[in-house]
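S.K.:
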Amino acid sequence: MEKWSLMTITVLLGLTVRWTVSLGSYSGAGKPPMYGDYEAQRHWQEVTYNLPIRQWYFNTSDNNLLYWGLDYPPLTAYHSFLCAYVAKLINPDWIALHTSQGYESQPHKLFMRATVFVADLLVYIPAVILYCCCLKETSTKKKVSSALCILLYPGLILIDHGHFQYPLSLGFALWAILCLSYDWDLLGSMAFCLALNYKQMELYHSLPFFCYLLGKCFKKGRKGKGLILLIKIAGTVVVSFAVCWLPFCTDVEQIMQVLRRLFPIDRGLFEDKVANIWCSLSVLIKIKSIVSPQTQLKLSCAVTFLSLLPTCVKLTLEPSLRGFKFALVSCHFIFFYFHFRPVCLIINEIPFMATWFLLVSTFSMLPLLLKDGLLLAYTVTSLAFLSACVTSFSIFEKTSAEDLQLKSFSLSLKGYVSWFKSFPKIVKRLFLLSVTVMGILTLLSATMNPPERLPDLFPLAVSIISCLHFLFFLMYFNIVILWDSKSSKSQKKMS
Amino acid sequence: MAAAATAAAGRRWFRALALGVSFLKCLLIPTYHSTDFEVHRNWLAITHNLPLSQWYYEATSEWTLDYPPFFAWFEYALSHIAKYFDPEMLVIQNLNYSSHATIFFQRFSVIFTDILFIYAVRECCRCVNGKRAGKDIMEKPTFILAALLLWNFGLLIVDHIHFQYNGFLFGLMLLSIARLCQKRYLEGALLFAVLLHFKHIYVYVAPAYGIYLLRSYCFTANNADGSVKWRSFSFLHVTLMGLIVCLVSALSLGPFVVLGQLPQVISRLFPFKRGLCHAYWAPNFWALYNAVDKALTVVGLKYNFLDPTKIPKASMTGGLVQEFQHTVLPSVTPLATLICTLVSILPSVFCLWFKPQGPRGFLQCVVLCALSSFMFGWHVHEKAILLAILPLSLLSVQRAKDAGIYLILTTTGHFSLFPLLFTLPELPIKILLMLLFTIYSFSSLKSLFRRERPLLNWLETIYLVQLVPLEIFCEIIFPLMPWKLTLPFVPLLLTSVYCALGITYAWLKLYVSVLTEPIPVRQKAE
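Encoded structure:
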C-alpha cells in the first residue's frame, strides 16, 4: 500500500481516538465554584474578547486575577481571543462578561472540544507526520508505525482532549525540532520562540536548544560563519519575541506584570501531587516547612542545573541531532514535568524503552484523570498504545543490550557483572512487573476508597512509583548519551 | 521455517486488528444510542421477569419482542448477568432507564459477543486462497479480508453506536459460510438454522442456502458437463438435513406450538401493518419508486393533471411508520413486493442450480439473494444492506471484478447509513470512520489487483466522488437554510435516492457478471 494512504489512515485513527475521548468528561465539570482548566480557558476567551489588551494581565474590577487569571504568555491570549471571536458568532452567551462564569452546556462543550481538535489537526499532527516521513534509514512500515504510536500516545490525548488543554506549544516545539533536523536553524528558532511564547513551560527545553545551536555555531568556526549564524539566530529570536510582545511594549509596568503572572515565585516547589522528586521527598522530609519559598527556588535551580550540566556540555562540544533529541529527553526528566513528550521522538530507535517510559508517564497522571472521570478512556488508550507498540515494533523481541543501545556500556561492565548474559530476560521481567504494579494500583485507585487516616494514599503511591521509574529511566538515558561517543566509530551515520 | 514465521506474523497482525477494533468499540461506549437500546433493555426485563407464555404477549412498552425465540433466550441469559450490574434495568416498568451501569453493561455485552464474529472472520480468512500473496503481510488477501470485515464501518456504527447485536449474528452467518466452503455441510446447515431462529431477517438468504445444500450435498455427484446427476441423490443426506432443520425449529418454536401461541409469535415477527418504507427510506427500488411518484405528483399538480383535493395530506416522508397510498403510480401491497422479490431471486437461484461453481457460486447467490430482497422487500431497514456487504467482502479479495462491485456497494451502502447517526457529537466520528474504511478499502484492493485493469471506470468514480458534496449539503448547508422547517425530509430523500441509484447499479452489475460467467469446460465431480 502506498505511503500516503497508510499515513492518512494513521491520522484518521489518531483523530478518531481523540474525538471519542473528547466525548468524555473534562476538568472541573459540574464542580463550582472554581471548576477546572476548561473553565479557565473559557474565562480567558471572555477576558481577552471583552477587555482591552492593557487590562488582560492586571487585577481590575472586571478582571479578577484570583479566578483563573491569565498566567500564560501573550500567544495564548491571542489564541483565546481568536476562539472567542468564533464563539461570539455562534452564541455570545458563552463569553459574555461576568454572566458567563461557570457556563456549561452540551453545545459549548462541543465548541471547546472542536477548538482543541482543530489546533491539534493544524499544528501538532502535521508536525508528527512530517517528522516520521522524514526519518532517515527507516522503511515505510517503520515510519507509519512510529507515526501511529506517537499519535496514539495516551498521555497527550487524555490531557488535551480529556482534561482539556491546547497542544499548540508542543506542536510548535515539534516544528522547531523538525526544522533543526533539516538545518533550517532560523525557522527552527522562530518556531521555538512561538512555542515559548505560548507556554513558559517550554523553558525546560530551551537549554538543549540553546546548547545545540551554540555548539553548531562553534563547529562552524568562532569567527566568520559561526559568528554570522549566531547573530542571525539571535536576531530571529529578538524579532519573534518583539512581535509577540508588541502590544505590551508600550509600558515597562505591562511587561513586568506579565512576567509576574508567568513566574509566580511564591507558589512553591510543587502543586497537587505531582510526580516530582520534591513531592516524593516530602514524604520523608517536610521540605515545604523547613525551607522558605526563596530558598526552595534556589535549591531546585541549583539541583536542576547541576543534573543538566553533563548532557548540555556534551551537546555543546559535539552537536548532533541524535544527541540533541536525547538531551531534550534528559532535560524533561530533570524538570519533572507532567508528560514526557520528547520521548516519543526516539520511539523508533529504542521502541522498548520508549514504550515503557510513555506508559509510566501516562500512569503518573492517574490521580488527575480519575478526578476528571476519564478512567475508561485512560484504560482503553493505554492498552491500545501498548498493543500498537508491541505489534508494530515487536518490542519484546528487542530487549537485548544492543537493541537498548547499551552495548558499549555492557562491554565496559562485562568484567564486573556476570549476569549481563541474561539481560534481555531480566529487562522483560522488570517490564512485566512494572506493568502489573501499575495495573493493580489503577484498579485499587478506581475501585477502593483509601483508609481514613491516609486520604492521599493512592495518589502518593502513584507519585512514588512513577518517581522511582523516572529515576531509573534518567540513569538509563544518561548512560546512553554519555557512552554514545565511545562507540561512535562503529555506529551507522545517524541523522 | 519461513512458512511458520509468516503464519506467526499473520496471527500477530490478526490479533492486533481484533484488539484494535475492540478498543475502539470501548471508546464508543459513551456515544449516542438509539431507541434500540431501550428495546433490548425492555427485552432483558421481559425475559427475566415473565414466564415463557407471556414473552410474546407482553406490551407494557411499545418495543415488543419481535425476534424469534432463540434471541429471547439469549436476552434471558444476559439478564442473569445484568442483575449484578444494575437490577433496576430489569424492571419492566422502568421505561427508558439508562443508568451508567446499564449503558456499560449493554455496550459491553455487544463488544463481548463480537468474539464470535472475530472467530468467524478467522475461519473465513482460512477459506480464502492466497495465490496473489505478496511478501508484505498487508498485501495478502487474508489480511485485507480480515481488516475489511473486522473494521467494517457499517457494523461498527450500527452495533456500537446505534446499538444492535448484529456482530455475533453475522458471526454465525460467516461461520456457516466458512463451514460450507470447507465442505462441512451439516455444520453449516445447523449454524444457519440456528441463525434463522435468532433473527428472521436472514430468511432473505435462505433460498441460496437451500438450493446450494440440495445441489451440492443432497446430490453428491455431477455429470461430466456439470449438470446434476439425478441418480446421485442421497436419501441419507436429505434426511439428515431435514432432521437438523426440524430439530432446531422444534427447540425454538416447540414450546410456543405447545402453548398454542404460534399465530401470535408469527404476528409479532412479521408486522405487516408497517408501511412499504421505513421512516427513513432504505435506498432500494421502492425509494426510487416513491421518488418518481412524488416527482410526478409535483409535475401533475403544476400542470393541472391532478386534482389537489384528492391527494392525501400526510406525506410519506414525514418520518412516520404507517401504510400509505401512492398518488400517481399504483400502490404497492406486501404481496406485490413478495412476488417482485421472488422473481428477482429466481435467476440467481437457477444459476446456482444449473451452473454450480462450488463455494464461490454459493457466495454469489447469497449476495444476490440478499441484495434482491433488499431491493424489493417490504419495510426494509437500511441496515439490511450489511447482509449483502459482508459476504461480498469474501468475494472482493479474490477477483478484481467483484472488488469493483464491492467498492461501489460498500461506499454507497455505508453512506446510506449516515442518517442513523444524526447527532452533532457523533458527526466527526461517522465521517472519520467512513473516510478510514473507504480509504483503506480502495487503496488495499487497488494494491491487491494492481496488475489488472482499474477497478472502477470513470463514471463510477464520479458517482462516488459526488457523495462528498452531497454530504456537505445535507449536514452543513441545508441546516443553515430557511427550507429546513418547511421541507425537513429533503436531506433524507436526497441521500436515499442517490444511494438507491448506486446500489441498484451494483446489484445489476453483479447479476450480469454472474449470469454471463462462462461455465468451466471440465468439472470435477464434487
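Residue numbers (numbering that gives the first Met the number 0), protein chains in the order written: chain A, 0 to 494; chain B, 0 to 525.
Each residue gets a CB set at the ideal place from its N, CA and C atoms; glycine is no exception.
Predicted, not measured: the structure shown is a model, and the values here were computed from it.
Assuming Tyr288 (chain B) is part of the alpha helix (DSSP H), what are its boundary residues?
M.R.: Note, Tyr288 (chain B): alpha helix (DSSP H), Phe284 to Lys301.
S.K.: So, helix, strand or coil for Ala274 (chain A), using DSSP?
M.R.: With a pLDDT of 40 at Ala274 (chain A), under the threshold of 50, the predicted position of this residue should be treated as unreliable, and no value is reported.
S.K.: Leu149 (chain B): buried (16+ other C-beta within 10 angstroms of its C-beta) or exposed?
M.R.: By the 10 Å Cβ count, Leu149 (chain B) comes out buried.
S.K.: Could you check where the alpha helix (DSSP H) with Pro468 (chain B) kicks off and where it finishes?
M.R.: Here the alpha helix (DSSP H) through Pro468 (chain B) covers Leu466 to Ile471.
S.K.: Let me check understanding here. Comparing Cα to Cα, which of B:Tyr208, B:Leu419 and B:Ala249 lies closest to His161 (chain B)?
M.R.: Ranking B:Tyr208, B:Leu419 and B:Ala249 by Cα distance to His161 (chain B) puts B:Leu419 first.
S.K.: Taking all protein chains shown into account, do 16 or more other C-beta atoms lie within 10 angstroms of the C-beta of His468 (chain A), making it buried, or fewer, making it exposed?
M.R.: Buried is the call here.
S.K.: Going by beta-carbon coordinates alone, are Ser363 (chain A) and Ser465 (chain A) separated by less than 8 Å?
M.R.: In this structure, Ser465 (chain A) lies closer than 8 Å to Ser363 (chain A) by Cβ.
S.K.: Using a cut-off of 8 Å between C-beta atoms, extract the partners of Leu22 (chain A) located in chain B.
M.R.: Residues of chain B passing the Cβ test: Pro29, Thr30 and Pro424.
S.K.: Roughly how far, in whole angstroms, is the beta-carbon of Ser251 (chain B) from the beta-carbon of Phe73 (chain B), given that I think they are within contact range, below 8 Å?
M.R.: At roughly 12 Å, the Cβ-Cβ gap does not stay under 8 Å, so Ser251 (chain B) and Phe73 (chain B) are not in contact.
S.K.: Would you identify the three-state DSSP class for Cys248 (chain A), choosing helix, strand or coil?
M.R.: Looking at Cys248 (chain A) - three-state DSSP - the assignment turns out to be coil, as it is neither helix nor strand.
S.K.: Of the residues B:Pro86, B:Leu168 and B:Phe191, which one's Cα is nearest the Cα of Leu179 (chain B)?
M.R.: Checked all of B:Pro86, B:Leu168 and B:Phe191; the closest Cα to Leu179 (chain B) is B:Phe191.
S.K.: Taking Pro318 (chain A) and Lys215 (chain A) to be in contact with their CB atoms under 8 Å, please state how far apart those CB atoms are, rounded to whole angstroms.
M.R.: About 5 Å separates the two Cβ atoms, so the contact holds.
S.K.: Is the CB of Arg11 (chain B) under 8 Å away from at least one CB in chain D?
M.R.: The chain labelled as chain D is not found among the protein chains of the depicted structure, namely A and B.
S.K.: Compare the C-beta of Val379 (chain A) with all C-beta atoms of chain B and state if any pair is closer than 8 Å.
M.R.: Yes, because at least one Cβ of chain B sits closer than 8 Å to the Cβ of Val379 (chain A).
S.K.: Buried or exposed for Val297 (chain B), please, with buried defined as at least 16 other CB atoms from any protein chain shown within 10 angstroms of its CB.
M.R.: By the 10 Å Cβ count, Val297 (chain B) comes out exposed.
S.K.: Please name the residue in B:Thr112, B:Leu435 and B:Ala8 whose C-alpha comes closest to that of His159 (chain B).
M.R.: Comparing Cα positions, the closest option is B:Thr112.
S.K.: Under DSSP, the alpha helix (DSSP H) around Gly170 (chain B) begins and ends at which residues?
M.R.: Its alpha helix (DSSP H) spans residues Asn165 to Cys180.
S.K.: Between which two residues does the alpha helix (DSSP H) holding Asn49 (chain A) run?
M.R.: Start and end: Asp36 to Asn49.
S.K.: Buried or exposed for Phe349 (chain B), please, with buried defined as at least 16 other CB atoms from any protein chain shown within 10 angstroms of its CB.
M.R.: Exposed, because fewer than 16 other Cβ atoms sit within 10 Å of the Cβ of Phe349 (chain B).
S.K.: Alpha carbon to alpha carbon, what distance is there between Gly274 (chain B) and Leu22 (chain A)?
M.R.: Their Cα atoms are separated by approximately 36 Å.
S.K.: Quick check on DSSP: helix, strand or coil for Val327 (chain B)?
M.R.: Here Val327 (chain B) sits in coil by DSSP.
S.K.: Does the distance from the C-beta atom of Phe234 (chain B) to that of Phe218 (chain B) stay below 8 Å?
M.R.: In this structure, Phe218 (chain B) does not lie closer than 8 Å to Phe234 (chain B) by Cβ.
S.K.: With 9 Å as the limit, tell me which residues of the region 400-434 of chain B have their beta carbon closer than that to any beta carbon of chain A; keep them in chain order.
M.R.: Answer in chain order: Leu423, Pro424, Glu425, Pro427, Ile428, Leu431, Leu432 and Leu434.
S.K.: As a quick exercise: from A:Thr15, A:Gln199, A:Leu481 and A:Phe471, pick the residue whose alpha carbon is nearest that of Leu74 (chain A).
M.R.: If we check each option's Cα against that of Leu74 (chain A), A:Gln199 comes out closest.
S.K.: Rounding to the nearest angstrom, what Cα-Cα distance links Phe441 (chain B) and Cys133 (chain A) in this structure?
M.R.: One C-alpha to the other measures close to 26 Å.
S.K.: Would you verify that the beta carbon of Cys25 (chain B) is, or is not, closer than 8 Å to some beta carbon of chain A?
M.R.: Yes, Cys25 (chain B) lies at the interface with chain A (some Cβ there is under 8 Å from its Cβ).
S.K.: Would you say Ile438 (chain B) faces chain A, with C-beta separation under 8 Å as the test?
M.R.: Yes, because at least one Cβ of chain A sits closer than 8 Å to the Cβ of Ile438 (chain B).
S.K.: Write down the C-beta distance between Glu45 (chain A) and Leu96 (chain A) rounded to the nearest angstrom, noting that I regard them as a contact closer than 8 Å.
M.R.: About 6 Å separates the two Cβ atoms, so the contact holds.
S.K.: Is there a C-beta anywhere in chain B that falls below 8 Å from the one on Leu316 (chain A)?
M.R.: No, Leu316 (chain A) lies away from the interface with chain B (no Cβ there is under 8 Å from its Cβ).
S.K.: For Asn221 (chain B), does the three-state DSSP call read helix, strand or coil?
M.R.: Of the three classes helix, strand and coil, the one that applies to Asn221 (chain B) here is strand, per DSSP.
S.K.: On the DSSP letters alone, give me the boundaries of the alpha helix (DSSP H) that Phe395 (chain A) sits inside.
M.R.: Phe395 (chain A) -> no alpha helix (DSSP H), and no H or E assigned at all.
S.K.: For Asp70 (chain A) and His78 (chain A), I'd like the C-alpha separation in whole angstroms.
M.R.: Between Asp70 (chain A) and His78 (chain A), the C-alpha separation is close to 14 Å.
S.K.: Buried or exposed for Ile210 (chain B), please, with buried defined as at least 16 other CB atoms from any protein chain shown within 10 angstroms of its CB.
M.R.: Buried, because 16 or more other Cβ atoms sit within 10 Å of the Cβ of Ile210 (chain B).
S.K.: State the Cα-Cα distance for the pair Lys182 (chain B) and Leu195 (chain B), rounded to the nearest angstrom.
M.R.: For Lys182 (chain B) and Leu195 (chain B), the distance between alpha carbons rounds to 21 Å.
S.K.: Buried or exposed: where does Lys272 (chain A) fall if 16 or more other Cβ atoms within 10 Å of its Cβ makes it buried?
M.R.: Legend: pLDDT at Lys272 (chain A) = 38, less than 50; position of this residue unreliable, value from coordinates given subsequently. Buried: at least 16 other Cβ atoms inside 10 Å.
S.K.: Going straight from the alpha carbon of Val193 (chain B) to that of Val247 (chain B), what length do you get?
M.R.: Approximately 6 Å, taken between the alpha carbons.
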